[in-house]
Amino acid sequence: MLNHFPTIGTVLGLGLFLLSFVRKNDHLTKVSLEVFFIIGLATLPVFLSGVAAQAALKDSPGVSAEAIATHENAALLAFILIEITAAVAWLGLWQIRRLARPTRTNLATLLVLSVVTLAVMAWASNLGGDIRHPEILTGLYSTPTEGTAASGGGWLSTAAITSFVLEHPWVWPTSETLHFLGMSLMFGVLLIVNLRLLGMLKTMPFAAVHRLLPFGILGFAINFVTGMLFFIAAPEQYTENVSFHWKMILLELAGVNFLFLTVFDGAWSLAPGDEPSLADKIIAASALCLSVGVMYFGRMLPFIGNAF
Amino acid sequence: MNILSSLEGSSFSMWLLGSNSIWAYPTVLTLHTFGMMVLVGASAMLDLRLLGFGRGIPLDSLKTLFRVMWAAFYLNAVTGTMLFAADATKRGTSVIFLVKLLLVVSGVVTIVLIKREVYGKNPAPVTVSSTAKRLAIASLLVWSAAISTGRLLAYVT
Chain E
0 MLNHFPTIGT VLGLGLFLLS FVRKNDHLTK VSLEVFFIIG LATLPVFLSG VAAQAALKDS
60 PGVSAEAIAT HENAALLAFI LIEITAAVAW LGLWQIRRLA RPTRTNLATL LVLSVVTLAV
120 MAWASNLGGD IRHPEILTGL YSTPTEGTAA SGGGWLSTAA ITSFVLEHPW VWPTSETLHF
180 LGMSLMFGVL LIVNLRLLGM LKTMPFAAVH RLLPFGILGF AINFVTGMLF FIAAPEQYTE
240 NVSFHWKMIL LELAGVNFLF LTVFDGAWSL APGDEPSLAD KIIAASALCL SVGVMYFGRM
300 LPFIGNAF
Chain X
0 MNILSSLEGS SFSMWLLGSN SIWAYPTVLT LHTFGMMVLV GASAMLDLRL LGFGRGIPLD
60 SLKTLFRVMW AAFYLNAVTG TMLFAADATK RGTSVIFLVK LLLVVSGVVT IVLIKREVYG
120 KNPAPVTVSS TAKRLAIASL LVWSAAISTG RLLAYVT
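Written out as structure tokens, the structure is:
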């Protein structure tokens, strides 16, 4: 059932988004942006489990390896679009907090992106259905000469990414380096924002430090891209790795926490010298613990689990 | 090289690398990564503020970050020494390792210079001098390079 969530969620998000225009309701706009962001979070485990399922299914009888590869490449494109949509929606939420409403550019971009995403996703789901329901196929994948998994999908395919990462010896170390830089940037933002919420940098107005949140998203974007390169190139290191499972669980929770930091009203009104509420402090402490936890299980991938 | 090999042969080094315990090498390495993340992350926030991002953040409120950075630096000096001891003959003769050390020292120097430039004359400054901005750029570049060389050590034998 997990695999239907992104499609249903995007339909819901887009529906709310369109309705908010018709009704001219700013609150509804905000809710729809939050839905888009949550879908971005929820789609990550869907995609990861899809890659794991592909590894498990490709050799089983009765399923076409090519049907799987075609679905996987469509899913990869849908996944990338969903994540970009989520990032643009986050930017809109950040603007709502700062400027009371998102910019027109942001909303227009989001509208185009979400419509395109939905179309690609419907296509990917359709191809996914073909794998388990060969009776509805019309000889599409019957000829093995049609192309192998490696040739389907062009440069934006899991096969192309895998060979790019594994065939160039510089790609992995470079991505690891970027992953560490992105991590430091992201953690720096979380550190300063949450230290304020813990009451440690008290002379700082929260609204001023809120300004730095996009650098956190930038750090996350770097780590998202490099992390996906690792995962797609060598999924066997991660899919059965308990350290990776924990890392993803904590990452999801940290994502929800970050949404909270972006939009919620409690902290926003903290002026210089104000003592944060107990709820603020709990949220801040959990944000720091979660991000340290994500780092911990990432660093422990080879030791607790079996990576590398 | 004698010092290096006896360091590497010490019972501590043997334990650190040889033990299968999660509390040996994996934990020391993770603490080193944690210290790096805190030190470089905090320093990057200070640099970004000096470069004009988040202008609403009062400069004097960031002074607490220096204590955070020093704590992280001491953690990494200790864990870094432990990691070095375990692999002394390889690291002690590696050019990349020496370059990394040099970059870390330079990074610390930029932080000290920034503190002196920004807070030296006035404990609650309002404006940022162009020297401070140049130092902030230098700090970002030097720490990025230090992380890059540190990461490279894992791949170059």
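Those protein sequences? They're chains E and X, same order as listed. Once you know that position 92 of the first sequence is 91 in numbering that gives the first Met the number 0, the rest is easy, because the numbers rise by one and skip nothing. Once you know that position 23 of the second sequence is 22 in numbering that gives the first Met the number 0, the rest is easy, because the numbers rise by one and skip nothing. Backbone N, C-alpha and C fix where the C-beta goes; we use that ideal spot for every residue, glycine too.
Asked: Roughly how many angstroms separate the alpha carbons of Met-199/E and Ile-191/E, rounded to a whole number?; Found: 9 Å
Asked: Go through its chain and collect everything with a Cβ distance to Pro-143/E's Cβ below 7 Å, but skip five positions before and after it.; Found: Note that Pro-143/E scores a pLDDT of 41, beneath 50, so its modelled location is shaky and nothing firm can be said.
Asked: Using a Cβ cut-off of 7 Å, pull out every chain X residue sitting near Glu-175/E, in sequence order please.; Found: Arg-150
Asked: In the DSSP assignment, find the unbroken alpha helix (DSSP H) run with Trp-154/E in it and report its ends.; Found: Run containing Trp-154/E: none; DSSP gives neither H nor E here.
Asked: Rounded to whole angstroms, what's the CA-CA distance from Leu-228/E to Lys-280/E? Just pull it up for me.; Found: 35 Å
Asked: Mind checking Ser-150/E: buried by the 16 CB within 10 Å criterion, or exposed?; Found: Its pLDDT being 43, under 50, Ser-150/E is placed unreliably in this model, and the value from its coordinates should be taken loosely. Burial call: exposed.
Asked: Kindly indicate if chain X contains any beta-carbon less than 8 Å away from that of Ile-191/E.; Found: yes
Asked: Please state whether DSSP places Asn-75/X in a helix, a strand or coil.; Found: helix
Asked: For Thr-92/X, count the other beta carbons within 10 Å of its own beta carbon; 16 or more makes it buried, fewer makes it exposed. Which is it?; Found: exposed
Asked: Is His-167/E helix, strand or coil by DSSP?; Found: coil
Asked: Indicate the three-state DSSP secondary structure (helix, strand or coil) for Ser-10/X in the structure shown.; Found: helix
Asked: With 16 as the cutoff for other CB atoms within 10 Å, does Thr-78/X come out buried or exposed?; Found: buried
Asked: Taking its Cβ as the centre, do 16 or more other Cβ atoms sit within 10 Å of Tyr-73/X, making it buried, or is it exposed?; Found: exposed
Asked: Whose CA, out of Gly-304/E, Ser-285/E, Ser-124/E, lies closest to the CA of Glu-239/E?; Found: Gly-304/E
Asked: From the beta carbon of Ala-207/E, is the nearest beta carbon of chain X less than 8 Å away?; Found: yes
Asked: Helix, strand or coil for Trp-22/X per DSSP?; Found: coil
Asked: Tell me, please, whether the region 104-113 of chain E touches the region 88-95 of chain E by the rule of three or more beta-carbon pairs shorter than 8 Å.; Found: yes
Asked: If you run the structure through DSSP and keep just helix, strand and coil, what is Glu-235/E?; Found: helix
Asked: Going along the chain, which residues of its own chain have a beta-carbon closer than 7 Å to the beta-carbon of Pro-204/E, five neighbours each way excluded?; Found: Leu-269, Ala-270, Pro-271
Asked: Around the Cβ of Thr-28/E, are there at least 16 other Cβ atoms within 10 angstroms (buried) or fewer (exposed)?; Found: buried
Asked: Could you tell me whether the Cβ of Met-294/E comes closer than 8 Å to any Cβ of chain X?; Found: yes
Asked: Note down the Cα distance separating Trp-245/E from Gly-297/E, rounded to an integer number of angstroms.; Found: 9 Å
Asked: Does Ile-56/X come within less than 8 Å of chain A when only Cβ atoms are used?; Found: Any reference to chain A falls outside this structure, whose protein chains are E and X.
Asked: Counting Cβ pairs closer than 8 Å, one from the region 177-194 of chain E and one from the region 285-292 of chain E, do we hit at least three?; Found: yes
Asked: Rounded to a whole number of angstroms, what is the C-alpha to C-alpha distance between Thr-88/X and Ala-77/E?; Found: 50 Å
Asked: Between Thr-147/E and chain X, is the shortest Cβ-Cβ distance under 8 Å, so that the two count as touching?; Found: Bear in mind that a pLDDT of 43 at Thr-147/E, under 50, signals an unreliable position, so the number given afterwards is only what the model happens to contain. For Thr-147/E, the answer is no, since every Cβ of chain X falls outside 8 Å of its Cβ.
Asked: How is the alpha helix (DSSP H) around Thr-9/E delimited, first residue to last?; Found: 4-21
Asked: List the endpoints of the continuous alpha helix (DSSP H) containing Pro-44/E.; Found: 25-56
Asked: Would you grab the beta carbon distance between Val-262/E and Arg-96/E for me? Rounded to a whole angstrom, and I think it's under 8 Å.; Found: 6 Å
Asked: Locate the alpha helix (DSSP H) running through Ala-266/E, then write down its first and last residues.; Found: 264-267
Asked: What residue does the alpha helix (DSSP H) around Asp-59/X start on, and which one ends it?; Found: That residue, Asp-59/X, is in no alpha helix (DSSP H); it is neither H nor E in DSSP.
Asked: Find the residues of chain X that neighbour Thr-172/E, judging by a C-beta separation of less than 7 Å, and give them in chain order.; Found: Just to set this straight, residue 172/E is Pro in the shown sequence, not Thr. Those are Arg-150, Leu-151, Tyr-154, listed as they occur along chain X.
Asked: Pairs of beta-carbons, one from the region 119-126 of chain E and one from the region 65-79 of chain E, closer than 8 Å: are there three or more?; Found: yes
Asked: Please return the same chain residues whose Cβ sits closer than 6 Å to the Cβ of Leu-58/X, not counting the five positions on each side in sequence.; Found: Pro-124
Asked: At least one CB of chain E closer than 8 Å to the CB of Leu-159/X: is that the case?; Found: Absent from the structure is residue 159/X, since the part of chain X shown begins at 0 and ends at 156.
Asked: Got a sec? Which residues, its chain only, sit under 7 Å from Leu-252/E by beta carbon, not counting five neighbours each side?; Found: Leu-289
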